[in-house]
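In UniProt numbering, the protein residues as written are 1 to 348. Each remark here refers to the structure printed beneath this line.
Okay, here's the thing in C-alpha cells:
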C-alpha cells in the first residue's frame, strides 16, 4: 500500500477514536465510530484476496448494523428524555439498546459470531489493530454510560467467557484462537465493569499488552495455524522458549502479568456477593488455558519433520523490528509484582 494512503488511513483511525473519546454528544460519538470503521476497511481489503474481501464485507455489515442501532437508541433517548448527553442515559430502553449495540461492535457473546470469521480473513497486522485499537472507542462509551441494567452485563460477561473458552478448544487456526481469546477477555472486563470501572481499564490494558506480544510472535514466525508453529525453533530459539510464557500469561497463570486482572476481578466479584458468577468465570478460564497450553506445546515441545538437505524457506531470518516485541514480551511476563501498587490505586 502507498505509504501516504496508509498514513491517511492510520490518521483516520486515530482521529475517529479521539473524537469518540472527547465527545459528550451522541451524534459526535457515533461519527467517531463511523470514521473508525471506514478507516480500517481499506486496510482489511488491501490484499485483494477473496477471504479478505469476505471478511471486510462481514465486518462492514456488522459495524453498520451496530452503528445504526446506536444512532436509533440515542435518538429514542433524545425523544424520551430530551437529552443528547452521553452520560444522561436514564431510560432503561435506550440504555439496553446502546449496551447491545456496543457489545456487537466489540464482539461480546452472544453477538460475537462475526469476530472469528473476520479475523481469520485478515493478515496478522490488521488483525492486531482489530483486536486492540478498534476496541477502544466502544469501550470508552460503555464506561461512560455505566449501563443501569446490571443483569444484562453479567449475562453478557459470563456468556463471553464461556463462549471464548468453548469456541477456541476446537480450532487449529491461530487467528480464530486469538479471536476467541479476545471474546473471553472482553467477558472478564464486562463482568466487573459496573463494580470497578478502573479494574476494567486495567484488564483492557493488560489484554492489549499480551495480545500485542502474541500477534508479534506469530508475525515473526509467519504462522497462521498450529502446525506452522513447530517450525519456529530454527528461526528464533530464544523467542520459542519465551512464547509459552506469553501464551500462559494470556491464560492467566501466576506468576505472569495475565494473572493480575483475573485475580482482582474474582476478588471484586466475591466482595459484591457474586460468588457463583466468579466460580463460573474461573472455570471458563480453564477452558481458555487448555488451548493456550496446546499452542505452547506445539511451539516449544514439538519439532517439525524436516527431510530436506537444502535450507528450507522458513529458515530465512525475518526483517521485522524486534524492539516492540521485546518490550511487550517483557511486560507480558514481568508485571505481576506491580499488583500491590495497582490495588492501592484502585481502592477508593
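Glycine residues also receive a C-beta, built at the ideal position from the N, C-alpha and C atoms.
By the Cβ neighbour-count rule, residue 274 is buried, with 16 or more other Cβ atoms within 10 Å of its own. Residue 268 is not bridged by DSSP to any residue. Apart from the 5 residues on each side of it in sequence, residue 101 sits with its Cβ closer than 7 Å to the Cβ of 66, 69, 70 and 73 in its chain, given in chain order. Going by beta carbons, residue 179 and residue 116 fall inside the 8 Å limit.
If you look at residue 36, you'll find it in the alpha helix (DSSP H) that goes 26-44. Considering only 206, 222, 16 and 248, the residue with the shortest C-alpha distance to residue 173 is 222. Counted as a single uninterrupted DSSP element, the alpha helix (DSSP H) harbouring residue 139 occupies residues 136-145. Counting other Cβ atoms within 10 Å of its Cβ, residue 82 stays below 16 and is therefore classed as exposed. Residues 109, 112 and 183 of the same chain have their beta carbon placed closer than 7 Å to that of residue 163, with the five preceding and five following residues left out of the count.
One Cα belongs to residue 209, the other to residue 203, and the distance between them is close to 10 Å.
For residue 85, the pairing in a beta bridge is given by DSSP as 25. Non-local C-beta neighbours of residue 26 in its own chain, meaning closer than 7 Å and more than five positions away in sequence, comprise 74, 84 and 86, ordered along the chain. In this chain, residue 133 is not harboured by any alpha helix (DSSP H), its DSSP state being neither H nor E. Here residue 95 has 89, 145, 147, 148 and 149 as same chain residues with Cβ atoms under 7 Å from its own Cβ, once five neighbours each way along the sequence are excluded. Scanning the segment 46-81 from its first residue to its last, the whole alpha helix (DSSP H) runs of 4-plus residues come out as 50-81.
If you ignore the 5 residues before and after residue 41, its C-beta comes within less than 8 Å of the C-beta of 56, 59 and 60, all in its own chain and listed in chain order.
In the three-state reduction of the DSSP assignment, residue 171 falls in the coil class, being assigned neither a helical nor a strand state. Residue pairing from DSSP places residue 225 in a beta bridge opposite 173. Per DSSP, residue 291 is one residue of the alpha helix (DSSP H) stretching across 275-300. Three or more Cβ pairs drawn from the segment 282-296 and the segment 239-252 lie within less than 8 Å of each other, which places the two stretches in contact. In the displayed model, residue 347 falls within coil according to three-state DSSP, outside both helix and strand. In the three-state reduction of the DSSP assignment, residue 121 falls in the coil class. Counting only runs that start and end inside the segment 152-221, the alpha helix (DSSP H) elements of at least 4 residues fall at 174-192 and 197-221. Judged by beta-carbon spacing, residue 165 lies beyond the 8 Å limit of residue 23, meaning their Cβ atoms are not closer than that value.
A buried status is given to residue 261, since no fewer than 16 other beta-carbon atoms sit within 10 Å of its beta-carbon.
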